[in-house]
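Trainee:
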């Protein structure tokens, strides 16, 4: 095509039309996406979108280069694939030194039942959907969608596998995906964890076998990992209570946290078969499991492709449904002898903690554990095994392992929860806050999307962020200050998500109500009470040592209570019970007056809510019925307690409003009885004892408004605030000022007289100056000139643009549009006027002092100045957009700019 002007114009027109059509298609796709996300069917897409946006936001998603064992960087695809294969082949086929077993064990030859359809159904139900597929590319959703036909087919297939003791060859293949551990060198293979992607059909078969093995094998009570009705919380709580009892009794407690090196990858296969037979597993199942590990092969899938296949001869399958229980069997048999002599022992898979009253005893127990494990192919890590002492006395020493000192610590992260030797929980609270922010950042692509509704954002927050913050806190006795620290972090996350700032002065109740998120402190208390009821309901087996958390809390009554200042779990639970009962009674009374029924469904209608609350508070804390009634039917996600944080993220802030305080536009519209003070007061919110009838009515009305806010937020205030943040305009009003008045941010209107305060003027250059001093004088002269020019520009903007626009008759633009355009310009001008005075004084004495840096710090480092500049910078884009829009819609404004 000829490059004529006509063709060029035609090409531009086509390009414009294509861009417009693409933009329309994108907008339509986004509209359909957000419409679908707001439905129940689109919830899975919501979390998938959050993960995708999190991945897109990362700088490096996959590493295409890797280092060899000597530290040289490999760049070619063949060398990178060869290195990945070399590393994982060595890792998965290396076996620790061990003693060969000479004793045998009798096998259990017995007939096993055929696989039933209900077993297959249960196994399919336990399989999660949406997981990565194995080499056969058959997801578990295929079998779930086929229904009974799939159940019948799989039952027949599994029976053939069980009878022949040979599974399909395709199931022996797997794909190994390296996952970065988020620590260390990203180009080092040792900082990656290999996860196997196996056939989903084989995983269903493994779950069927696992369910049968669990019915046969009885694992010891000290094992908490992957056991029914046990979790990490049980082990964490037992350890915390044990440490608390010894602190109260002023006795030493010595704890060693044992770490095993590559525990899953180093389990010898012969030891696995021996432990299964020792646990009296039927020989048929032993041979079936042996067949699962026979001739197993895998490939590594990396950023540059897949490697060649290699055999895996050692260790358990990573990512297998059966491996956790097989590892529990191995640990149960290997620790049988030492476990009997060490009752204060807890295991969660390969995480072991050994406790004793004396350092010598715990050192001896550690050595026995090391010998029992290492003689059978496991290895205790010398660098990661750590020792902690509670109530340590001077000169108590440390623990040694084969002559080498074990690292001594004052805190340890046990199963994700930080325990401290002094009984405090400050480090754990900071870890929970950090975990919450990490979770928030992962889903920030959804939480910060303005087009997603606040209800959906609240749901994502409750399901992703809040569980990370609440993990393990039911075992921790928090102080009010620490609860407040958690709530501060939560409210910051919610404000970021909803697009509001503290400058908008939106009440916390409105923030939580709009997002449908309850108070974090209430959720922590609810979790503690629920956990207390769980502990009380569990019975202690008579044949086991005092290992269960309930036994720990009840068997040490003879110990002398100490005078420590740390909070106790029992005392905290008692307070939680009384607070829960009192809050429930107050809420019921207030909502009953408002004509709203809020009684839980399981409460008896014959008793009033206050009677239930009084009866609950009067009963002892250890009564199971009181605990159940306190935690059963927790009700709405929003609970109204005594608020310690009223306005913003500053705990216990004094919020007594004066006559000039700001009030909310949406609250001002409410028909509230006018008392002596229409502002919000924390004292009115908390107490109603010494008040007149009119004051009580006003306080009760305000309480009802806060309760409604805690459930549903404002009617339109938060939506207005979100728009205000986008335009950087505040919808807050002042009581005694007209709508035309602009928020002055606390500045005085300073008019600098040049006669009284002449501008800065650098004097003539003295003789004998060094080259360095001359350069500094030139820099100072440049600063003086640029500051004078900048200040003149600011004054010109105010005098030649803002003032004529405000005084023009008829109006060119409304004041509502003028104020955002010139937002904070007046305050910045005042800042530089004051700076000009100080600068002139410093320039006059420059030759004597040659010092000016402190002047900039003093003038521009104050929080008020920084806030003004932050507002100005954040508003700049919005101001330019308003100017462009006004030029298109208001010809008079465009003509005004041309003339000016």
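Residue numbers (full-length UniProt numbering): 1 to 900.
Beta carbons: idealized from backbone N, C-alpha and C, even for Gly.
Contact between the segment 71-78 and the segment 145-160: three or more CB pairs below 8 Å?
Mentor: No: the two stretches stay apart, fewer than three of their Cβ pairs being nearer than 8 Å.
Trainee: From the DSSP output, read off the bridge partner residues of residue 178.
Mentor: 194, per the DSSP bridge assignment.
Trainee: Can you tell me whether residue 405 is buried or exposed, with buried defined as 16 or more other CB within 10 angstroms of its CB?
Mentor: Exposed.
Trainee: Check for me: the beta strand (DSSP E) holding residue 352 runs from which residue to which?
Mentor: Run containing residue 352: 351-356, per the beta strand (DSSP E) assignment.
Trainee: Quick check on residue 128: buried or exposed, where buried means 16 or more other Cβ atoms within 10 Å of its Cβ?
Mentor: When all chains shown are included, residue 128 counts as exposed.
Trainee: Ignoring anything shorter than 4 residues or poking outside the UniProt domain "DH" (775-900), list the alpha helix (DSSP H) runs there in chain order.
Mentor: DSSP runs (the alpha helix (DSSP H)) wholly in the UniProt domain "DH" (775-900): 803-807, 815-821, 825-844, 846-849, 853-860, 863-889 and 891-899.
Trainee: For residue 659, count the other beta carbons within 10 Å of its own beta carbon; 16 or more makes it buried, fewer makes it exposed. Which is it?
Mentor: Since pLDDT at residue 659 reaches only 34, below the 50 mark, its modelled position is unreliable, and no value is offered.
Trainee: Name the one or two DSSP bridge partners that residue 66 has.
Mentor: The partner list for residue 66 (beta bridge, DSSP) reads 74.
Trainee: Buried or exposed: residue 791, going by 16 or more other Cβ atoms within 10 Å of its Cβ?
Mentor: Buried, since its Cβ has 16 or more Cβ neighbours within 10 Å.
Trainee: Below 7 Å CB to CB, which residues in the same chain sit around residue 85 once its five sequence neighbours on both sides are set aside?
Mentor: Hits under 7 Å: 300, 307, 308 and 310.
Trainee: Go to residue 497, then tell me how far its alpha helix (DSSP H) extends in each direction, as first and last residue.
Mentor: From DSSP, the alpha helix (DSSP H) with residue 497 extends over 480-498.
Trainee: From the DSSP output, which residues share a beta bridge with residue 254?
Mentor: Looking at the DSSP assignment, residue 254 forms a beta bridge with 356 and 389.
Trainee: Quick one: grab the DSSP three-state call for residue 514.
Mentor: Here residue 514 sits in helix by DSSP.
Trainee: Just to confirm, is the Cβ distance from residue 319 to residue 144 under 8 Å?
Mentor: Taking 8 Å as the Cβ cut-off, residue 319 and residue 144 do not qualify as a contacting pair.
Trainee: Considering Cα atoms alone, identify which of 46, 216 and 477 is closest to residue 281.
Mentor: It is 216.
Trainee: Quick one: which unbroken alpha helix (DSSP H) runs of 4-plus residues sit fully inside the segment 185-236? Chain order, please.
Mentor: Whole alpha helix (DSSP H) segments, 4+ residues: 200-216.
Trainee: Under the rule that 16 or more other beta-carbon atoms within 10 Å means buried, what is residue 331, buried or exposed?
Mentor: The residue in question, residue 331, is buried, as its Cβ has 16 or more Cβ neighbours within 10 Å.
Trainee: Leaving out five residues on either side along the sequence, give the residues of the same chain with a beta carbon under 6 Å from the beta carbon of residue 475.
Mentor: Excluding residues within five positions, the ones whose Cβ falls inside 6 Å are 236, 237 and 240.
Trainee: Across the segment 439-448 and the segment 34-53, are there enough close Cβ pairs to call them in contact, namely three or more that are closer than 8 Å?
Mentor: Verdict: yes, contact present.
Trainee: Under three-state DSSP, which class holds residue 16?
Mentor: Looking at residue 16 - three-state DSSP - the assignment turns out to be helix.
Trainee: Select from 194, 181, 205 and 139 the residue whose C-alpha is nearest the C-alpha of residue 165.
Mentor: Looking at the Cα atoms, 205 is the closest of the given residues.
Trainee: Can you give me the C-alpha to C-alpha distance between residue 807 and residue 801, rounded to a whole angstrom?
Mentor: Looking at the two C-alpha atoms, the distance is approximately 10 Å.
Trainee: Please report the Cβ distance between residue 260 and residue 381, rounded to the nearest whole angstrom; I am assuming they are in contact, meaning their Cβ atoms lie under 8 Å.
Mentor: Residue 260 to residue 381, Cβ: 7 Å. Contact.
Trainee: Please report the straight-line C-alpha distance between residue 876 and residue 824, rounded to a whole angstrom.
Mentor: Taking the straight line from one Cα to the other gives about 10 Å.
Trainee: Give the straight-line distance between the Cα atoms of residue 173 and residue 370, rounded to the nearest whole angstrom.
Mentor: Residue 173 and residue 370: Cα-Cα distance of roughly 35 Å.
Trainee: Taking the CB atoms as reference points, tell me whether residue 203 and residue 193 lie closer together than 8 Å.
Mentor: Going by C-beta atoms, residue 203 is not nearer than 8 Å to residue 193.
Trainee: Which of the three DSSP states is assigned to residue 433 in this structure?
Mentor: If DSSP states are grouped into helix, strand and coil, residue 433 belongs with the helices.
Trainee: How long is the line joining the alpha carbons of residue 450 and residue 498, rounded to whole angstroms?
Mentor: Those two C-alpha atoms are separated by around 8 Å.
Trainee: Where does residue 347 sit, in a helix, a strand or coil, going by DSSP?
Mentor: In this structure, residue 347 counts as strand in the three-state DSSP scheme.
Trainee: For the pair the segment 377-392 and the segment 250-258, tell me if three or more CB-CB distances fall below 8 Å.
Mentor: Yes: the two stretches touch, three or more of their Cβ pairs being nearer than 8 Å.
Trainee: Drop a sphere of 10 angstroms on the beta-carbon of residue 860, count the other beta-carbons inside from all chains shown, and report buried for 16 or more, exposed for fewer.
Mentor: It is exposed - the Cβ of residue 860 has fewer than 16 other Cβ atoms within 10 Å.
Trainee: Just to check my reading of the structure: residue 535 and residue 486 have Cβ atoms closer than 8 Å, yes? What is that Cβ distance to the nearest angstrom?
Mentor: Not really, about 23 Å apart at Cβ, beyond 8 Å.
Trainee: Leaving aside the five residues before and after residue 887 along the sequence, list all residues of the same chain whose C-beta is less than 8 Å from its C-beta, in chain order.
Mentor: The residues are 893, 894 and 897.
Trainee: Which term fits residue 244, buried or exposed, when burial requires 16 or more other beta carbons within 10 angstroms of its beta carbon?
Mentor: That one is buried.
Trainee: Mind reading off the beta-carbon distance from residue 98 to residue 376? Whole number of angstroms is fine, and I expect it under 8 Å.
Mentor: Yes, residue 98 and residue 376 are in contact; Cβ-Cβ is about 6 Å, under 8 Å.
Trainee: Looking at residue 958: is its Cβ nearer than 8 Å to the Cβ of residue 415?
Mentor: Here the chain has residues from 1 to 900 only, and residue 958 is not among them.
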